[in-house]
Amino acid sequence: MSLSFSAYGDDKSLPEVAPVVAKILAMQHQPDGVVFDIETLDENALPRFAPYVSKQIQLIRKKFPDVDIAVVTHGAEEFALQKKEEAKNHKLHDLFNQMVKDEGVSVHVCGAVAGLKQLTQEDFPDFVSFSTSGMAQLNDYKALGYTVVPIRQLNKQQRDELFEHPSKYLK
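The sequence shown begins at 29 in the working numbering and counts up by one.
Here is the structure:
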């Protein structure tokens with residue numbers, strides 16, 4: 029099952045090829061792994077970014093078909109992956125499920141952010157890995173030598189704001 033990323037429409041603020049992906053594609057040797065980092069204050073961001081991430085993964089897979097790839101989503105956008113959001117975001121769920129099952133991509137959500145809504149692993153589909161901390165998960169991948177591809181990242185002030193005033197960002 030192959031899903032087209034155009035099924036979502038694209039985010040025009042993103043370059044066609046992410047700068048770090050361009051560096052990966054210029055490598056002579058396969059990287060140890062690649063991890064995509066998505067962290068926003070927007071609960072509706074993941075359906076916009078998912079097709080872009082899928083396209084970047086396809087580009088990497090053409091050159092390095094066996095490289096390990098992961099996606100860590102650890103901001104307000106991760107809530108689109110809840111089981112209860114599947115009907116509303118079925119294309120998103122289908123795309124990530126396909127990435128996991130067909131392409132061997134690991135998809136992680138942040139337990140600390142999920143906890144802001146009292147959510148647990150049971151609130152997310154089986155294709156999602158529930159990490160205690162998205163930042164710690166990223167650091168684990170970095171320690172394994174993975175190359176980080178930032179899609180969107182919060183600065184410290186924004187991250188603090190999310191945890192100190194979650195009701196401003198979470199419905």
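Where is the CB? At the ideal position from N, CA and C, for every residue including glycine.
Only a predicted model underlies this, so the values are computations on that prediction, with no experimental measurement involved.
Beta-carbon gap between alanine 98 and serine 134 smaller than 8 Å: yes
Other residues of its chain near alanine 46: CB distance less than 6 Å, five sequence neighbours each side excluded: Within its own chain, the residues whose Cβ lies closer than 6 Å to the Cβ of alanine 46, once the five positions on either side in sequence are excluded, are Gln84, Val177, listed in chain order.
Which value, in whole angstroms, describes the spacing of the CA atoms of leucine 120 and alanine 54? 30 Å
Where does aspartate 188 sit, in a helix, a strand or coil, going by DSSP? helix
Starting from alanine 98, trace the beta strand (DSSP E) both ways and give me its first and last residue. 97 to 101
Local Cβ density within 10 Å of tyrosine 36, reported as buried at 16 or more and exposed below that: Only weak support is given to the placement of tyrosine 36: the predicted model assigns it a pLDDT of 33, under 50, and the question is left unresolved by the model.
Are histidine 102 and glutamate 150 closer than 8 Å when you measure CB to CB? no
How many whole angstroms separate the CB atoms of valine 95 and glutamine 58, which I take to be in contact at a CB cut-off of 8 Å? 5 Å
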